[in-house]
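Asks:
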Amino acid sequence: MTVSGPGTPEPRPADPGASSVEQLRKDGNELFKCGDYEGALTAYTQALGLGATPQDQAILHRNRAACHLKLEDYDKAETEASKAIEKDGGDVKALYRRSQALEKLGRLDQAVLDLQRCVSLEPKNKVFQEALRNIAGQIQEKVSYMSSTDAKVEQMFQILLDPQEKGTEKKQKASQNLVVLAREDAGAEKIFRSNGVQLLQRLLDTGEPDLMLAALRTLVGICSEHQSRTVATLSVLGTRRVVSILGVENQAVSLAACHLLQVMFDALKEGVKKGFRGKEGAIIVDPARELKVLISNLLELLTEVGVSGQGRDSALTLLIKVVPRKSPKDPNNSLTLWVIDQGLKKILEVGGSVQDPPGELTVTANSRMSASILLSKLFDDLKCDAERENFHRLCENYIKSWFEGQGLAGKLRALQTVSCLLQGPCDAGNRALELSGVMESVIALCASEQEEEQLVAVEALIHAAGKARRASFITANGVSLLKDLYRRGEKDSIRIRALVGLCKLGSAGGTDFSMKQFAEGSTLKLAKQCRKWLCNDQIDAGTRRWAVEGLAYLTFDADVKEEFVEDEAALKALFQLSKSEERSVLFAVASALVNCTNSYDYEEPDPKMVELAKYAKQHVPEQHPKDKPSFVRARVKKLLAAGVVSAMTCMVKTESPVLTSSCRELLSRVFLALVEEFEDRGTVVAQGGGKALLPLALEGTDVGQTKAAQALAKLTITSNPEMTFPDLRGGPAPRLSPAPQLLRPAEL
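Sequential numbering from 45 applies to the sequence shown in my numbering.
Right, dumping it as structure tokens:
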């Protein structure tokens, strides 16, 4: 008998739908023979929808299993074969196909049971006998390997824990072997069952960076995609102990701990999904509890004194990734509300901390931005006015606690927190600006003789300048002050921030050529100064970031765009800064590139509506003459020549939480503008643009995914896919989620 492909049914009584079902089954068989497994799968699926008899259903399900085997989708092959066996427990073909799928999935013990059943039904079938011998051999090899691994694991731990082997090549090799062994599930299981977690805890307790790295990387292998081992590991090591490693000064160890915690989060989250089967058979009663314990410890770490700035940023990064997460199992966003209740004040405390001079909490240049993003995600996950009002109340009470009765230091802390909110959930920031005395303190402190006081006040003024409720107040009271700080300031750090405030107010008209906020030529002068500061590598990256912020606003003006793309030094400095550790600059860089390529949304006004508006003496937006298509195309070519694709590729690769969905959307827009012209696509591909577009098409806003998918389509119809995606040669084509094509893109 034949067992590798769809079979032929036995004669049976006719029924009303038999001819259609049988014809589709025959069509599927022919397609299968021709190698069109997707087509055969479709035919069998259609036949199942025609009300086939139980016997027909068994045949069709086992045929679908054969298709999935050919397509190397072994999970679905097992499912289809199981459905056939449910209809007919003696279906030897279905049993054999399920054994093939189980073997590929590594579940050899279950595959053997199916093969033994096949042999009992057809004792003389040589195919079944040979398959049973082969799988028995695999099991024996696995048993032998596991037995030999026992000694290897014991020997490796002996070397690592031997104080006399400190710093030796032998010890280094043992740590590498342990990490490699843990990457395979069988090896990870053997380490786990050999009292491995307790031994790894001893390595962590040594405090030696090399041994701690080896232990953390081995724990990653033990916990990866395995919920029960993850829970057991947390039980042995202690959740608090694992989280505390984030705060160590050694950056490599801190990052390794961050990776381990991410793997643990993923394993626990997978366990709560419906139908989870994991690599283990154990059932965890309440994985949500373990998740809360981890999150609670991360929140506690945020405000612990002595924690490194890198560790605090890593804790924020993890929280951004795991909270909030809406799901069908949590329709009432209880996790978000719990985090707000337990940790909102702690997040605000990080957001209100200053980097220089260092305060009680050590923070980095990216800490406040990360806190802003986390606050924004929490606020966006709230579902009703009552929840949002509670969020506002908690924020306002926290700001008042610092603003009232805490002296000048408290006011600075309060203003810093307001700035953090304005960069995140701006509604909460707007509410904070309305608090009595806040804006007055901002204006007063801008005139302070102390640099750190001026810095806090000017930054708060800049962030408030773009908010509708306060724009008129700031225009009336702040412009003259910002001009005075810019012209007479002694410190570049103050002058550059004052300049950004002026840039922000000067760009209030957006792309409307007729809405000029300042005198003719003023924006060009401001942009020239921004480019000068941007190119000055003697200034620290954190300060130069503000020059990019200024350009992000000023490049709404087409005259500024034209001068900017002509300045090769400024473009080179912009791209270098985007690749630096100053990750908070990414959004500003992406915004400036969107403006230079005119890849923002713009609708041509209806001529009739324009005439009607003029007749009614209403304002009609005007496009700058240098924003016409010919100018835009010329700017794109200059950006390509300057290396914009390489810079954007590096931006996409970053793991920083500041690469938000909005930032990804901006990059997708720029990529689409870069590949608009046929002759430019080769340059984009040569500089890695095709590979960079894949993650943009898979993650982000709907608009961003759509733009990235459109850019990918233009590249793939122009060049060889093997050149566009060099890392995917010989592998399966990437599957992109269908992005909405008919929706009108949202306004930025």
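Using N, Cα and C, we set each Cβ at its ideal position, and we do this for glycine too.
With a Cβ-Cβ cutoff of 9 Å, do A476 and A488 count as a contact?
Replies: Indexing the sequence shown from 1 puts residue 476 at position 432. Indexing the sequence shown from 1 puts residue 488 at position 444. No. Outside cutoff.
Asks: Give a yes or no on contact between the stretch 249 to 257 and the stretch 267 to 279, applying the rule of three or more CB pairs nearer than 8 Å.
Replies: They do not touch, by the three-pair rule.
Asks: Which residue wins for smallest C-alpha separation from E495, given the options R457, S537 and C464?
Replies: Indexing the sequence shown from 1 puts residue 495 at position 451. Among R457, S537 and C464, the Cα nearest to that of E495 belongs to S537.
Asks: Use the C-beta contact count for I761: other C-beta atoms within 10 angstroms, 16 or more gives buried, fewer gives exposed.
Replies: The sequence position of residue 761 within the sequence shown is 717, counting from 1. So I761 ends up on the exposed side.
Asks: I'd like to know whether the C-beta atoms of V462 and G473 end up nearer to each other than 9 Å.
Replies: The residue you call residue 462 lines up with position 418 of the sequence shown. The residue you call residue 473 lines up with position 429 of the sequence shown. Yes. Within cutoff.
Asks: What is the DSSP secondary structure of C78, reduced to helix, strand or coil?
Replies: Counted from its first residue, the sequence shown places residue 78 at position 34. Three-state result, C78: coil.
Asks: State the start and end residues of the unbroken alpha helix (DSSP H) segment that holds Q494.
Replies: As a first step, residue 494 must be located in the sequence shown, where it is residue number 450. No alpha helix (DSSP H) contains Q494, which DSSP labels as neither H nor E.
Asks: Quick check for students: name the residue ranges of the alpha helix (DSSP H) that lie wholly in the stretch 470 to 495, counting only runs of 4 or more.
Replies: The stretch 470 to 495 contains these whole alpha helix (DSSP H) runs: 470 to 477 and 482 to 489.
Asks: Taking the alpha carbon of F435 as the reference point, which residue from C464, D471 and S445 has its own alpha carbon closest?
Replies: By 1-based counting over the sequence shown, the position of residue 435 is 391. Closest option to F435, Cα to Cα, is D471.
Asks: Got a sec? Which residues, its chain only, sit under 6 Å from D611 by beta carbon, not counting five neighbours each side?
Replies: Here the question's residue 611 lines up with position 567 in the sequence shown. Within the same chain, D611 has close Cβ partners R575.
Asks: Report buried or exposed for N642, applying the criterion of at least 16 other Cβ atoms within 10 angstroms of its Cβ.
Replies: As a first step, residue 642 is located in the sequence shown; it is residue number 598 there, counting from the start. Classification for N642: buried.
Asks: Mind checking whether T91 and L104 have CB atoms under 9 Å apart?
Replies: Within the sequence shown, the letter at position 47 stands for residue 91. Within the sequence shown, the letter at position 60 stands for residue 104. The sequence given here places Ala at residue 91; Thr does not occur at that position. A contact, by the Cβ cut-off of 9 Å.
Asks: The alpha helix (DSSP H) with G7 in it runs from where to where?
Replies: Nothing about residue 7 can be read from this structure; the chain reaches only from 45 to 792.
Asks: Would you tell me roughly how many angstroms separate the C-alpha atoms of E431 and L716, rounded to the nearest one?
Replies: Walking along the sequence shown from the start, residue 431 turns up at place 387. Walking along the sequence shown from the start, residue 716 turns up at place 672. Distance between the alpha carbons of E431 and L716 is about 39 Å.
Asks: Taking F1 as the reference, which of H112, M692, T89 and R108 has the closest Cα?
Replies: Here the chain has residues from 45 to 792 only, and residue 1 is not among them.
Asks: Just how far apart, CA to CA, sit G93 and R108?
Replies: By one-based count along the sequence shown, residue 93 stands at place 49. By one-based count along the sequence shown, residue 108 stands at place 64. Approximately 13 Å, taken between the alpha carbons.
Asks: Just the Cα atoms here: how many angstroms apart are R457 and F447?
Replies: What you label residue 457 is simply residue 413 of the sequence shown in a count that begins at 1. What you label residue 447 is simply residue 403 of the sequence shown in a count that begins at 1. Roughly 8 Å separates the two Cα atoms.
Asks: What's the call for E497, buried or exposed, on a 16-neighbour Cβ count within 10 Å?
Replies: Along the sequence shown, one-based indexing puts residue 497 at 453. Burial call: buried.
Asks: From which residue to which residue does the alpha helix (DSSP H) around N434 run?
Replies: On the sequence shown, residue 434 is found 390 positions in, with the first residue counted as 1. Here the alpha helix (DSSP H) through N434 covers D429 to F447.
Asks: Anyone know if the C-beta pair for Q731 and G687 falls short of 9 Å?
Replies: As a working note, residue 731 is residue 687 in the sequence shown. As a working note, residue 687 is residue 643 in the sequence shown. Taking 9 Å as the Cβ cut-off, Q731 and G687 qualify as a contacting pair.
Asks: Nearest CA to the CA of A301: which residue from L290, N294, A311 and F309?
Replies: Residue mapping note: residue 301 aligns to position 257 of the sequence shown, counting from 1. The shortest Cα separation from A301 among L290, N294, A311 and F309 belongs to L290.
Asks: Given this structure, state the Cα-to-Cα distance separating T675 from S340, to the nearest angstrom.
Replies: As a first step, residue 675 is located in the sequence shown; it is residue number 631 there, counting from the start. As a first step, residue 340 is located in the sequence shown; it is residue number 296 there, counting from the start. Here residue 675 turns out to be Phe, not Thr, going by the sequence shown. Each residue's alpha carbon lies about 54 Å from the other.
Asks: What's the C-alpha gap between V264 and F608?
Replies: As a position in the sequence shown, residue 264 is number 220, starting the count at 1. As a position in the sequence shown, residue 608 is number 564, starting the count at 1. Near 47 Å, if we compare the C-alpha coordinates of F608 and V264.
Asks: Quick one: give me the first and last residue of the alpha helix (DSSP H) that K670 is part of.
Replies: For this step, residue 670 is matched to residue 626 along the sequence shown. Neither: K670 is in no alpha helix (DSSP H) and is coded neither H nor E.
Asks: Kindly list the residues whose CB is nearer than 6 Å to the CB of L255, restricted to its own chain and excluding five residues on each side of it in sequence; keep chain order.
Replies: Stepping through the sequence shown from its first residue, residue 255 is reached at position 211. Counting only Cβ-Cβ distances below 6 Å, and skipping sequence neighbours, we find L247.
Asks: Could you say which of A409, A757 and L204 lies nearest to Q216 if we only look at CA atoms?
Replies: Here residue 216 is taken as the residue at index 172 of the sequence shown, counted from 1. Considering only alpha carbons, the answer is L204.
Asks: Please list, in chain order, all residues of the same chain as L243 whose beta carbon is under 6 Å from its beta carbon, the five residues on each side excluded.
Replies: As a working note, residue 243 is residue 199 in the sequence shown. Counting only Cβ-Cβ distances below 6 Å, and skipping sequence neighbours, we find F201.
Asks: Excluding the 5 residues preceding and the 5 following R589 in the sequence, name in chain order all residues of the same chain whose CB lies nearer than 6 Å to its CB.
Replies: Locating residue 589 in the sequence shown gives position 545, where the first residue counts as 1. Excluding sequence neighbours, R589 sits near E626 and V629.
Asks: When DSSP labels each residue in this structure, what does Q731 get in the three-state scheme?
Replies: Walking along the sequence shown from the start, residue 731 turns up at place 687. Three-state result, Q731: coil.
Asks: Grab me the residues of C111's own chain with a C-beta within less than 6 Å of its C-beta, minus the 5 sequence neighbours each way, in chain order.
Replies: Residue numbering aside, residue 111 sits at position 67 when the sequence shown is read from its first letter. Answer for C111: Y81, A84 and L85, listed in chain order.
Asks: Relative to the alpha-carbon of E348, which residue among V292, V337, L405 and Y597 has its alpha-carbon at the smallest distance?
Replies: Start at 1 with the first residue of the sequence shown, and residue 348 comes out as number 304. E348 has its Cα closest to that of L405, out of V292, V337, L405 and Y597.
Asks: For D594 and T567, what's the separation of their Cα atoms in angstroms?
Replies: Within the sequence shown, residue 594 is the residue found at index 550, counting from 1. Within the sequence shown, residue 567 is the residue found at index 523, counting from 1. The sequence given here has Gly at residue 594, not Asp. Cα to Cα, G594 sits roughly 10 Å from T567.
Asks: For the alpha helix (DSSP H) containing H112, name the first residue and the last one.
Replies: Indexing the sequence shown from 1 puts residue 112 at position 68. From DSSP, the alpha helix (DSSP H) with H112 extends over P98 to K114.
Asks: First and last residue of the alpha helix (DSSP H) that includes S624?
Replies: In the sequence shown, residue 624 corresponds to position 580, counting from 1. Segment: none, S624 is in no alpha helix (DSSP H) and carries neither H nor E.
Asks: I'd like to know whether the C-beta atoms of L615 and A585 end up nearer to each other than 9 Å.
Replies: The count along the sequence shown starts at 1 and reaches residue 615 at position 571. The count along the sequence shown starts at 1 and reaches residue 585 at position 541. It is not a contact, given that the beta carbons lie outside the stated cut-off.
Asks: Let me make sure I understand the geometry here. Which of T750, V633, K623 and D724 has the alpha-carbon closest to that of K697?
Replies: Residue numbering aside, residue 697 sits at position 653 when the sequence shown is read from its first letter. It is K623 whose Cα lies nearest to the Cα of K697.
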